[in-house]
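Below is one structure, written out as structure tokens; the observations come after it.
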Amino acid sequence: MKDLLLERITLIPTICHGKPTVRGMRIMVATVLELLAAGTTITELIEDYPELEEQDIYACLWYVAIKA
Numbered sequence: 020m021k022d023l024l025l026e027r028i029t030l031i032p033t034i035c036h037g038k039p040t041v042r043g044m045r046i047m048v049a050t051v052l053e054l055l056a057a058g059t060t061i062t063e064l065i066e067d068y069p070e071l072e073e074q075d076i077y078a079c080l081w082y083v084a085i086k087a
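In our numbering, the protein residues as written are 20 to 87.
And the structure:
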């Protein structure tokens, strides 16, 4: 399961200067984490970014947990 989550995080040099993004989109892991830290709920994130899936958000959390 954790490996499947990490597959959702991409590092592509031509997208967001190679910073970690969600599934090759221009939504950076850092942005998702900043919004969560500011109190945005998962439901609100998905409403604001309809291309995000709940598993993408969990993938961001898992990615930063293993990088810490």
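We put the CB at the ideal spot given by N, CA and C, even for glycine.
Rounded C-alpha distance that separates residue i from residue j
i	j	result
Thr-33	Asp-75	20 angstroms
Ile-85	Thr-62	24 angstroms
Tyr-82	Glu-26	10 angstroms
Thr-60	Arg-45	20 angstroms
Tyr-68	Met-47	12 angstroms
Ala-56	Tyr-77	14 angstroms
Own chain partners of residue i with C-beta closer than 8 angstroms, once the 5 adjacent residues on each side are dropped
i	result
Gly-43	Thr-29, Ile-31, Ile-34
Leu-52	Cys-79, Leu-80, Val-83
Helix, strand or coil at residue i according to DSSP, with G and I counted as helix
i	result
Thr-59	coil
Sequence-distant residues of its chain with Cβ nearer than 7 angstroms to residue i (five each side left out)
i	result
Lys-21	Trp-81
Leu-71	Val-41, Ile-46, Leu-64, Ile-65
One or two residues paired with residue i in a DSSP bridge
i	result
Met-47	Thr-40
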